[in-house]
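Below is one structure; the comments refer to it alone.
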Amino acid sequence: MTESNDTPIQTEEGDERQHRRIKSFVMRAGRMTEGQQKGLDQGTPLFVLPLADAPVDYDQVFGRSAPRSLEIGFGMGHSLLEMAAASPEQDFIGVEVHRPGVGALLNGVLTQGLTNLRVYDCDAIEVLNRCIADNSLDRLMLFFPDPWHKSRHHKRRIVQASFAELVRSKLKVGGILHMATDWEPYAEYMLEVMNVAPGYRNLAEDGKCVPRPAERPITKFERRGERLGHGVWDLKFEKQP
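The sequence shown begins at 1 in the UniProt record's numbering and counts up by one.
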């Protein structure tokens with residue numbers, strides 16, 4: 001999903017210019033199905049949140065205080081819908097820039113009558129920086145982000161030292177950063193980043209990856225990969241005091 005923030009830099013002449021942060025996602029056009037369009041039309045006013053200029057009071061948004069998870073890049077929303085439906089006692093926030101995916105998720109929310117899920121349809125780094133209060137999330141999930149395979153594109157990967165630092169600031173003490181990938185070199189890369197990120201503890205007994213957690217739903221894509229012999233690697237890191 002995302003990494004995009006405008007940061008002013010000072011030139012030698014003293015003029016301020018805008019330096020655009022490298023984005024970890026590409027906006028993809030996609031044909032909208034009738035159900036996805038219905039989800040956008042009917043679900044946006046009810047469940048899509050605008051970018052705010054100050055931390056949002058999600059207790060007020062959801063009408064209660066509950067354990068809260070945020071997923072970055074939920075794709076077509078199947079896993080997030082399943083998790084929200086299976087855990088009505090928890091609240092979920094999803095972030096995705098792909099409009100058909102947002103529409104599909106909203107259509108599912110409407111169809112299933114879920115009340116414990118809200119959505120941002122914009123850059124996740126902007127959401128974290130502007131909307132999420134420090135020390136407020138119980139869990140942040142990043143499932144199957146774009147690995148940007150080519151070396152020259154590694155700078156576009158969302159998992160960087162700055163991302164780990166930002167996520168840690170938003171997690172409660174004891175909160176979990178849960179990542180999953182189906183590309184082993186990316187899993188190794190994420191481990192390299194997270195093992196030197198201050199303030200985290202790897203929950204894997206061997207210091208590498210954890211067994212697939214039961215709370216992460218298996219997608220159709222993942223099942224197809226398993227049939228072809230492809231692996232999936234889950235990483236869990238806990239915020240330390």
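Yeah, the Cβ is synthetic: ideal placement off N, Cα and C, and Gly gets one too.
Beta-carbon proximity check, residue i vs residue j, cutoff 8 Å
i, j, result
"Ala124", "Gln90", "no"
"Leu235", "Tyr120", "no"
"Phe163", "Leu117", "no"
"Gln36", "Gly113", "no"
"residue 244", "Cys122", "No information on residue 244 is available, as it lies outside the stretch 1 to 241 that the chain covers here."
"Lys170", "Leu140", "yes"
Residue i - DSSP class collapsed to helix/strand/coil
i, result
"Val232", "coil"
"Ile158", "coil"
"Lys239", "strand"
"Asp182", "coil"
"Ser69", "strand"
"Phe47", "helix"
"Gly75", "coil"
"Lys38", "helix"
"Arg139", "strand"
"Glu91", "Correcting the residue type first, residue 91 is Asp in the shown sequence and not Glu. Strand, per DSSP."
"Ile132", "coil"
CB contact below 8 Å: residue i versus chain C
i, result
"Arg223", "Looking at the structure shown, chain C is missing, and only one protein chain is on hand."
Cβ shell of residue i (< 6 Å), same chain only, five flanking positions each side left out
i, result
"Glu165", "none"
"Gly75", "Gly101"
"Arg168", "Gly199, Lys239"
"Val127", "Val95, Tyr120"
"Thr44", "none"
CA-to-CA distance, residue j to residue i, given in whole angstroms
i, j, result
"Phe92", "Ala86", "11 Å"
"Gly39", "Thr181", "28 Å"
"Val109", "Thr115", "8 Å"
"Glu71", "His78", "12 Å"
"Lys220", "Met83", "15 Å"
"Arg64", "Ser151", "45 Å"
"Ala187", "Gly174", "22 Å"
"Arg31", "Arg99", "9 Å"
"Glu34", "Val56", "32 Å"
"Met190", "His149", "13 Å"
"Arg201", "Ala161", "15 Å"
"Pro147", "Asp206", "23 Å"
"Pro88", "Ile176", "19 Å"
"Asn107", "Ile218", "20 Å"
"Pro145", "Ser69", "17 Å"
Close Cβ partners of residue i (< 8 Å) along its chain, the five nearest in sequence each way excluded
i, result
"Ala204", "Val210, Leu235, Lys236"
"Pro213", "His178, Asp234, Lys236"
"Lys172", "Asn135, Ser136, Leu137, Asp138, Lys239"
"Leu80", "Glu71, Phe74, Phe92, Gly94, Leu105, Leu117"
"Pro241", "Val173"
Contacting residues, own chain, Cβ-Cβ under 7 Å from residue i (five flanking each side not counted)
i, result
"Glu13", "In this prediction, Glu13 scores a pLDDT of 39, lower than 50, which makes its location untrustworthy; the coordinate-derived value is nonetheless stated afterwards. Nothing meets the Cβ criterion."
"Glu184", "Gly231, Trp233"
"Thr59", "First, the residue type needs correcting, since residue 59 is Asp and not Thr in the sequence shown. Contacts found: Ser65."
Three or more C-beta pairs under 8 Å: does that hold for the segment 127 to 145 against the segment 51 to 62?
yes
Decide if the segment 194 to 204 is in contact with the segment 221 to 232; the criterion is three or more beta carbon pairs, one per stretch, under 8 Å apart.
no
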